[in-house]
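Working notes for the structure below.
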Amino acid sequence: MSSVTVVCPNAHRCKISVSAGTVLRQVLEECCLKQGYDVDSYALHHRNKPLDDSLPFRLSGLPNNASLDLVQSQQKKVDQEVEIALQTPEGRKICKFMSTTMLTDMLKKFSEEFGHDLLAENTGKAPTITYLNKHWKSKILLASTSLKSIGISSGRVLLRYSVTEFSENEKAEIERSLAAENERRKKMEEDFIQLKAKNDARAAMEAKYQKDFEERQAAEKQQREKDEEKMRQEFEK
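Just so you know, this note's numbering puts the end of the sequence shown at 1382, numbered straight through with nothing missing.
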């Protein structure tokens, strides 16, 4: 598996494993969780250029073992409305959602538009969403996945819906993977609280040092101007 290394404002380096389909938003979220930064206040940069965090790693143009920078954004990101075109075997419908909408909630809305339950799971079958050649299969996986988490945060996007084969082994594997991921994120979220407090304290101290420095500079400048004015007056006498 490939990986990238993110250099954080606290000078720590955060190595994150990625696959071809890993969305850069996931890299940003994991890095911020591990290092105690607000994900909506930061962005990933590569060679001083901002990266589009909606892209999967394979389309980002980044090489394996790329070194990225975690940079504070000028403005905090806000959740936006996105327009989703859902293509099914029956046709296409368009609805608008917030980027934080879970895929199950999205399909509930489209179920109303199409007139039948798109989330129905029959024996050996499961609802599936496809985006950029990646698949999200089964209600349990769709319920744990938001539009934003798969890289959809603005604009208009086409998703494909289908009902695909779904074995008991696949179901068990998805449940195991989700349980492991939830446990991993829970641990990172617990650490995040302490790390964020340290980062906030460090930022406050740096801001105080900067303010004190600027005040000293201003006072020294004012004193120099007074001294220069005094010398000028004495010279003119």
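Idealized CB from N, CA, C, for every residue including glycine.
- Straight through space, the alpha carbons of Gly1269 and Arg1170 are spaced by roughly 32 Å.
- Around the beta carbon of Val1151, 16 or more other beta carbons sit within 10 angstroms, so the residue counts as buried.
- Where Gln1355 is concerned, the enclosing alpha helix (DSSP H) starts and stops at Glu1313 to Glu1381.
- Here Val1302 carries a strand assignment [DSSP, helix/strand/coil].
- Relative to Thr1167, the option among Met1333, Lys1293 and Glu1318 whose CA is nearest is Lys1293.
- Residue pairing for Tyr1187: DSSP places it in a beta bridge opposite Gln1217.
- Per DSSP, the beta-bridge partners of Met1247 are Ser1291.
- Taking C-alpha positions only, Asn1209 is separated from Phe1202 by approximately 9 Å.
- Straight across, the Cα-Cα distance linking Gln1367 with Tyr1354 is about 20 Å.
- Partner residues in the beta bridge of Tyr1276, as assigned by DSSP, are Lys1279.
- Here Ala1211 really is in contact with His1191; their C-beta atoms are around 6 Å apart, less than 8 Å.
- Counted as a single uninterrupted DSSP element, the beta strand (DSSP E) harbouring Cys1159 occupies residues Arg1158 to Val1163.
- Taking the Cα positions, Thr1273 is about 16 Å away from Glu1318.
- If you look at Leu1231, you'll find it in the beta strand (DSSP E) that goes Glu1226 to Thr1233.
- Residues of the same chain with a CB within less than 6 Å of the CB of Asp1214, apart from the 5 flanking positions on each side, are Val1152 and His1190 in chain order.
- Approximately 10 Å separates the beta-carbon atoms of Val1223 and Ser1298; this is outside 8 Å, ruling out the contact.
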